[in-house]
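In my numbering, the protein residues as written are 4 to 78. Even glycine gets a Cβ: it sits at the ideal position worked out from N, Cα and C. Fair warning: this is a prediction, and the values are worked out from it, not measured in the lab. Read the structure below first, then the notes.
Below you can see the structure in the form of structure tokens.
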């Protein structure tokens with residue numbers, strides 16, 4: 004995860020507070036802010052596996068998750 008943070012921060016110049024939440028099991032995450040409130044969040048693979056109950060497989064460049072958080076549910 005540290006290498007990914009370095010890539011986005013140092014390589015692409017994205018702003019971040021670094022990795023936060025390390026004190027919690029499966030809590031580590033790094034956020035990068037874009038325009039209009041859009042954020043990129045990086046989680047360790049183990050945390051995603053735990054959250055989704057999907058076993059960790061061999062590393063693939065095609066792996067990713069996507070989420071869309073909203074303030075409140077629309078009717």
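Member of the options whose CA lies at the smallest distance from the CA of residue i
i, options, result
"residue 7", "48, 60 and 73", "48"
Chain-order list of residues whose beta-carbon lies under 8 Å from that of residue i (same chain, five-residue window excluded)
i, result
"residue 5", "22"
"residue 76", "none"
Exposure label - residue i; buried when at least 16 CB within 10 Å
i, result
"residue 44", "exposed"
Own chain partners of residue i with C-beta closer than 6 Å, once the 5 adjacent residues on each side are dropped
i, result
"residue 53", "29"
"residue 35", "11, 17, 19 and 43"
"residue 46", "32"
Close beta carbons around residue i, own chain, < 7 Å, minus the five adjacent residues each side
i, result
"residue 51", "68"
"residue 62", "none"
Test item: CB-CB of residue i and residue j under 9 Å
i, j, result
"residue 19", "residue 25", "no"
"residue 17", "residue 37", "yes"
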